[in-house]
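Chains as they are written, first to last, in my numbering: chain A, 1 to 341; chain B, 342 to 682.
Input: a single structure, listed below in structure tokens.
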């Protein structure tokens, strides 16, 4: 049904002629066509207008021909739908004017009807699927409950999310109630996305690496795993945890179809820690896309050789940076397409 | 000569009745007596006035009786001495108005006479040693060359130090020249500190974890190791790399007396990756000091049990946070002093 099924085959662990490739945040600020729309429409207008979100989603595909598209959206549309105000401030990032920091705050958080509150995402998926015309699969995504809690409690980005951690460590009961509400919403949200047409879902645990191994199990992985269990029979699930190398052994035992990894782990270590069987996705240092194109191509080829072409999805170790030259992004994608095993 | 030699014994790997304890950033904003001086004197005045730096250094010792003191200073006094302007902006952090971003910038960086440019540090050490009266050892510190480069190139703090990485990846020759100048200065600086009286030195690689394992070797560890080699015959050297779990195996082969580790690594993993012989220092999650005191004590005792009482120095996994209650810091220190193996 999907013409280029490299990505789906890699997620099933099937033999491929070359690994599939896409880039986290591939629909992003390094693209001039993205910047043109960004100048005209503010952040949430872009997310909430199905035609705009769909157009932004396919922009990088038109330019570079990745093997998967990922729906343009933001992890913070979920708390927004849960009755928590989220603003996106230019040159600042997300700002939540009424952060949740006690039981009363948790009580006020709603588990919404996602088809009502996030119906615009489902419409965007349908428009995108038409644009993609079954050429490549479409990925839908959500933040991990812990990562969403980080923003909801801290109220903005942070280097260490100390307030979020302090909330969990001093009010664990309230924290777990909040995490469960986010989890329930996320499961309903991702199921609705699947119904609307996404072929794969990815969970982004951007801030899991802020937690100790013990706290990670309690405050993050437990909830991610609920999401995996709820979705696994519908579509392949990819779990990406930045800085979560210490949990890979546990994560590999789950029903996730693939694990995303950041660039601080060697291929050998990643295969070792995950037991060698699960598909891995990653893990080129996003800042290494600043290297000259010829060097990028050499490093990508070496990375594929190290991970092996099978059970592997080429990606960055985190989102692409805004200051990456177009020809460098092209070198990254082309190196994979030109790969001869 | 030093009355409480627990810390020095642990650094030599000798058997101790209980592990020594100190806290990174123990002379810091969680202490009311520190805040009183902070209200009166700006940051560099505190660093550059020997009596103030000495007083701040011993404040936490008076209150809690740690087993080691660490000289109050900042890693950025080194680039400041190298002819690079460094400002400390309130509610912002370090700001370097003229960041180094090309060969010309590197050429303008001086390797100074540290006794002239950083003489105030040596004076502070002498005053501190008098105040400490040989009760406990005094630690002197420096940032790793890579971590200093991060600030010198980026010009301020950052979540990912992309400009610093971009500089290394696009202008590696200039980057290595800058790293070598910082390394040469740091070696001279730490040797002068030893001459002035510090008993131990610690190298802080706060941003090593931003690099891939291969890039870490090239842009960070190579230079840290030069420093270790230059100092190892004079005093014990502790190398602390935040997020550098992936390099622990290599670091353990060096002549460092101990390795500092952050809280994302279990004791078992840390011992395994370092081969079980080198002294380890760490690794309580600084945010876990927000837990109730009884819980802190339980967790600290468990941490010591997991690392083992020998070849171990109890510490946090990074600096203490400003919002830690005094009784919580006390619970951390007391738990170690009350430890019965």
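Beta carbons: idealized from backbone N, C-alpha and C, even for Gly.
Among A:41, A:335, A:288, which has the Cα closest to the Cα of residue 512 (chain B)? Taking the second chain and counting its residues from 1, one reaches residue 512 (chain B) at position 171. It is A:288 whose Cα lies nearest to the Cα of residue 512 (chain B).
Distance between residue 612 (chain B) and residue 6 (chain A) (C-alpha atoms, nearest Å): Mapped onto the first chain, residue 6 (chain A) falls at position 6. Mapped onto the second chain, residue 612 (chain B) falls at position 271. One C-alpha to the other measures close to 41 Å.
Taking the alpha carbon of residue 83 (chain A) as the reference point, which residue from A:152, A:139, A:92 has its own alpha carbon closest? Residue numbering aside, residue 83 (chain A) sits at position 83 when the first chain is read from its first letter. If we check each option's Cα against that of residue 83 (chain A), A:152 comes out closest.
Residue range of the alpha helix (DSSP H) that includes residue 620 (chain B): Working through the second chain from its first residue, we reach residue 620 (chain B) at position 279. Residue 620 (chain B) -> not in any alpha helix (DSSP H); beta strand (DSSP E) instead, spanning 620 to 625.
At least one CB of chain A closer than 7 Å to the CB of residue 671 (chain B): is that the case? Your numbering for residue 671 (chain B) matches position 330 in the second chain. Residue 671 (chain B) does not count as touching chain A.
Under 7 Å between C-beta atoms, does residue 385 (chain B) make it to chain A? If you number the second chain from 1, residue 385 (chain B) lands on position 44. False, the Cβ-Cβ gap to chain A never drops below 7 Å.
DSSP bridge partner residues for residue 192 (chain A) (one or two, in chain order): To locate residue 192 (chain A), count along the first chain from 1; it is residue 192. Bridge partners of residue 192 (chain A): none, in fact.
Would you mind telling me which residues of chain A sit closer than 8 Å to residue 500 (chain B), beta carbon to beta carbon, in chain order? Locating residue 500 (chain B) in the second chain gives position 159, counting from the first residue. Per Cβ cutoff of 8 Å: 157, 159.
Helix, strand or coil, according to DSSP, for residue 656 (chain B) in the structure here? For this step, residue 656 (chain B) is matched to residue 315 along the second chain. In this structure, residue 656 (chain B) counts as strand in the three-state DSSP scheme.
Report the CB separation of residue 321 (chain A) from residue 286 (chain A) in whole angstroms; it is logged as a contact under 8 Å. Looking up residue 321 (chain A) in the first chain gives position 321. Looking up residue 286 (chain A) in the first chain gives position 286. That belief holds up - the Cβ atoms of residue 321 (chain A) and residue 286 (chain A) are roughly 5 Å apart, short of 8 Å.
In the structure shown, what three-state DSSP assignment does residue 578 (chain B) receive? As a working note, residue 578 (chain B) is residue 237 in the second chain. In the structure shown, residue 578 (chain B) adopts extended strand secondary structure according to DSSP, grouped into three states.
Quick check: is the beta carbon of residue 172 (chain A) nearer than 7 Å to any beta carbon in chain B? Position 172 of the first chain, counted from the start, is the residue given in the question as residue 172 (chain A). By this cut-off, residue 172 (chain A) is not an interface position.
Should residue 486 (chain B) and residue 531 (chain B) be called a contact, given that it needs their Cβ atoms to be closer than 7 Å? Locating residue 486 (chain B) in the second chain gives position 145, where the first residue counts as 1. Locating residue 531 (chain B) in the second chain gives position 190, where the first residue counts as 1. No, they are not a contact pair.
Per the DSSP calculation, residue 546 (chain B) is bridged to which residue(s)? Here residue 546 (chain B) is taken as the residue at index 205 of the second chain, counted from 1. DSSP, once it has assigned bridges, lists B:582 as partnering residue 546 (chain B).
Does the Cβ of residue 603 (chain B) have 16 or more other Cβ atoms within 10 Å, making it buried, or fewer, making it exposed? Against the second chain, residue 603 (chain B) aligns to sequence position 262. By the neighbour-count rule (16 or more Cβ atoms within 10 Å), residue 603 (chain B) is buried.
Rounded distance between the beta-carbons of residue 412 (chain B) and residue 390 (chain B), thought under 8 Å: By 1-based counting over the second chain, the position of residue 390 (chain B) is 49. By 1-based counting over the second chain, the position of residue 412 (chain B) is 71. Their Cβ separation, rounded to whole angstroms, is 13 Å, which puts residue 390 (chain B) and residue 412 (chain B) out of contact at 8 Å.
Residue-level contact to chain A via CB, residue 293 (chain B), 7 Å cutoff: Only positions 342 to 682 of chain B appear in the structure, and residue 293 (chain B) is not among them; the question remains open.
Check the Cβ of residue 291 (chain A) against every Cβ in chain B and list those closer than 8 Å, keeping chain order. Looking up residue 291 (chain A) in the first chain gives position 291. Simply 510, 511.
Thinking residue 316 (chain A) and residue 200 (chain A) are a contact (beta carbons under 8 Å), I'd like their distance in whole angstroms, please. Position 316 of the first chain holds residue 316 (chain A). Position 200 of the first chain holds residue 200 (chain A). 17 Å between Cβ atoms; not a contact.
Contact belief for residue 665 (chain B) with residue 631 (chain B) at Cβ below 8 Å, rounded distance in angstroms: Mapped onto the second chain, residue 665 (chain B) falls at position 324. Mapped onto the second chain, residue 631 (chain B) falls at position 290. Residue 665 (chain B) to residue 631 (chain B), Cβ: 7 Å. Contact.
Give every residue of the same chain whose Cβ lies closer than 8 Å to the Cβ of residue 637 (chain B), excluding the five residues on either side of it in the sequence, and list them in chain order. Along the second chain, one-based indexing puts residue 637 (chain B) at 296. A distance below 8 Å between beta-carbons, with the five flanking residues on each side excluded, links residue 637 (chain B) to the following residues of its chain, in chain order: 629, 630, 669, 672, 673, 676.
How about residue 522 (chain B) and residue 450 (chain B): do their beta carbons lie closer than 7 Å? Indexing the second chain from 1 puts residue 522 (chain B) at position 181. Indexing the second chain from 1 puts residue 450 (chain B) at position 109. A contact, by the Cβ cut-off of 7 Å.
Mind the definition here: the region 253 to 267 of chain A touches the region 547 to 565 of chain B only if three or more C-beta pairs lie below 8 Å; say whether that holds. yes
Between the C-alpha atoms of residue 436 (chain B) and residue 160 (chain A), what's the straight-line distance to the nearest angstrom? Against the second chain, residue 436 (chain B) aligns to sequence position 95. Against the first chain, residue 160 (chain A) aligns to sequence position 160. Approximately 20 Å, taken between the alpha carbons.
Three-pair Cβ contact test at 8 Å for the region 220 to 230 of chain A versus the region 133 to 150 of chain A: Yes, the region 220 to 230 of chain A touches the region 133 to 150 of chain A.
Would you report the Cα separation of residue 124 (chain A) and residue 54 (chain A), rounded to the nearest angstrom? As a first step, residue 124 (chain A) is located in the first chain; it is residue number 124 there, counting from the start. As a first step, residue 54 (chain A) is located in the first chain; it is residue number 54 there, counting from the start. Taking the straight line from one Cα to the other gives about 6 Å.
Put residue 362 (chain B) into one of helix, strand or coil per three-state DSSP. By 1-based counting over the second chain, the position of residue 362 (chain B) is 21. DSSP places residue 362 (chain B) in strand when its eight states are reduced to three.
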